[in-house]
Structures are given as structure tokens and as C-alpha cells.
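K.L.:
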Amino acid sequence: MGKLKGKDYRHLLRPLEEELVGMARWARETGQRICVLFEGRDTAGKGGAIRAVSQRLNPRQCRVVALPKPDERAQTQWYFQRYVRHLPAAGEIVLFDRSWYNRAGVEKVMGFASNEEVARFLNEAPCFERMLVDDGILLFKYWLATDQDRQEERLAERLEDPLKRWKLSPMDLAAREKYAEYSDARETMLRATHTDHAPWTLVNFNDQKRGRLTLIRDLLDRLPNYDIAPPDIVFPPLGHEPLVEEYRVVAPLKDYVVE
């Protein structure tokens, strides 16, 4: 199966975006709380997948959470504490760009957490997620998978492209040497936290465009019937000729000139 071309991707994405807008309207009107975790290797495409889900939605309703490393105070708290404050309220959609599963992934592989801390996390995570689900949160956990040859291509692209250079860090270069270790950590994580109440879904992101479509279709298919028609809005005639902007105090910038 060849890589999906950009034109074909945009054509296929449009109807899914319309469904996502309908899903958001359903969540707002019914008070549903939706929480989606995006996990995966560096360069897998988490950011692009999150944008594909969120770009047509109201940012006041759909929030993206990408937490930095914990500060000294957070390091003394219950591990899940800093994530709890970002969970959705009624009608909200929260997309976690990495989540509490940092502990089972990068913290484990890169040695930022002890074996005891990782083991405790793997034991507690299903209980934590059981509380979320029992309270009515719709929780979805996605792992974005990519082969190492694709990872190498994308890391090299980040190095060469000035618009993507900010994505490349020493941590990324260190992680590329631990591809197998990340695979082992993922499998350990899945064995401990792939539960009936909060299952994992793995998505092939070797072709990122096709992966986004696959993920969105799966997310929509796993939600209850969200087909709520938008409210009727009367759009009456303006009643006069359209007005032209007038500037009495400050003039706008001159238009950008294409040379």
C-alpha cells in the first residue's frame, strides 16, 4: 500500500472533520467528557494527529495538554496529581500530547524513574483509569507506531528543515539509540495497562496521513450516536448597503506586496 498523497488525504479528511465537529456539538450539548491520550515514539506523528483531530474544533472546548517535565514541587506530589487538574469538565474534549504514561516510556527507558517507581505506576494506572471511567469520562488511549527507518528519515528531516529544527533535541538523538528498549517498555506497559475498561489502540503511523485517518475513524466509531443537528439560525437581510471600514485614529498597515 503506497503512501497517501496530500490531495487524497485532504479529500478523505474533510468528511471526518465534519463528523468531529458533530461529535464536539454532541459532547457540549450532552455534557460528555472526552479524554484522548496520544503516545508513541519520537517522530511518530503525535502532533500532526492531534492537529487533525482539533483544528476544526472550538479551542475553548477542545484543549491540548502537553506538560513539561515536572518541577521540584510536582516531583514531591502523587504522580498522577499534575494530570488530574487537566482532565475534562462537562462538554470538554482534552487531548494529551503524551500523558501519565511518560513514566512507563521515556522515564523508564532514559532512567528518569527507578524500577520501583515504574512498577508502582504500572500497578496503579489501571486503578486510576478505572476511577476516571467509572466517573463517566470517555477515555481513549492511542499508541502511534513507526518503524525505525521511518524514524531515521524524520529525524534527518528535522535536522535539515529550518521550520522543523525546533523539534529536534538531544533527547531525540539519545532515544534513537534505544529503539529496542522502547519496544520492550511498550510491551511491558501494554501487558499491565491494556484493560477492558481502558484498552489501548495501536495505529500504524509509518504513513502519517493514513494513520491520522485511521485514528480519527476509530475514535468516532467508538463513541455513542453523536448525530445531533446544529441549531437553526435565522440569517435576516442586513437592511442596508454594507459599510466600509473607516479609520479615524490609526490607519492599518499597507498590504503585503508580492514581488
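Each step along the sequence shown adds one to the number in UniProt numbering, with nothing skipped, and position 8 is 8. Ideal Cβ positions, reconstructed from N, Cα and C, are used throughout, including at glycine.
1. By DSSP's criteria, Trp-100 is part of a beta bridge. Which residues make up the other side?
2. Could you tell me the distance, in whole angstroms, from the CA atom of Arg-120 to the CA atom of Ile-137?
3. Please classify Pro-88: is it buried, with 16 or more other beta-carbons within 10 angstroms of its beta-carbon, or exposed?
4. From Thr-188 to Val-118, what distance separates their C-alpha atoms?
5. Less than 7 angstroms between C-beta atoms, sequence neighbours within five positions excluded: which residues of the same chain meet that for Val-64?
6. Could you check whether Leu-20 and Trp-60 sit closer than 8 angstroms to each other, using their CB atoms as the reference points?
7. At 3 residues or longer, what runs of the beta strand (DSSP E) sit wholly inside the segment 4-55?
8. Indicate, with yes or no, if the ligand COA has a heavy atom lying under 7 angstroms from the CB of His-86.
9. Would you mind reading off the limits of the beta strand (DSSP E) that contains Lys-69?
10. Just the C-alpha distance for Pro-237 and Val-244, rounded to the nearest angstrom, thanks.
11. Measure the C-alpha to C-alpha separation of Arg-191 and Pro-231 and round it to an integer number of angstroms.
12. What is the rounded straight-line gap between the Cα of Tyr-226 and the Cα of Val-258?
13. Leaving aside the five residues before and after Thr-146 along the sequence, list all residues of the same chain whose C-beta is less than 6 angstroms from its C-beta, in chain order.
14. Can you give me the start and stop residues for the beta strand (DSSP E) that Val-203 sits inside?
P.N.:
Per the coordinate set shown:
1. Looking at the DSSP assignment, Trp-100 forms no beta bridge with any residue, so it has no partner.
2. 23 angstroms
3. buried
4. Thr-188 and Val-118: Cα-Cα distance of roughly 10 angstroms.
5. Residues of the same chain with a CB within less than 7 angstroms of the CB of Val-64, apart from the 5 flanking positions on each side, are Ile-50, Ser-54, Leu-95, Asp-97 in chain order.
6. Per the sequence shown, residue 60 should be read as Arg rather than Trp. Their beta carbons are not under 8 angstroms apart, which means Arg-60 does not touch Leu-20 by this criterion.
7. 34-40
8. Ligands in the displayed structure: none, and consequently the ligand COA is not present.
9. Careful: Lys-69 lies outside any beta strand (DSSP E) and carries neither H nor E.
10. 17 angstroms
11. Distance between the alpha carbons of Arg-191 and Pro-231: 45 angstroms.
12. 45 angstroms
13. Hits under 6 angstroms: Arg-41, Ala-44, Phe-205, Asn-206.
14. 200-204
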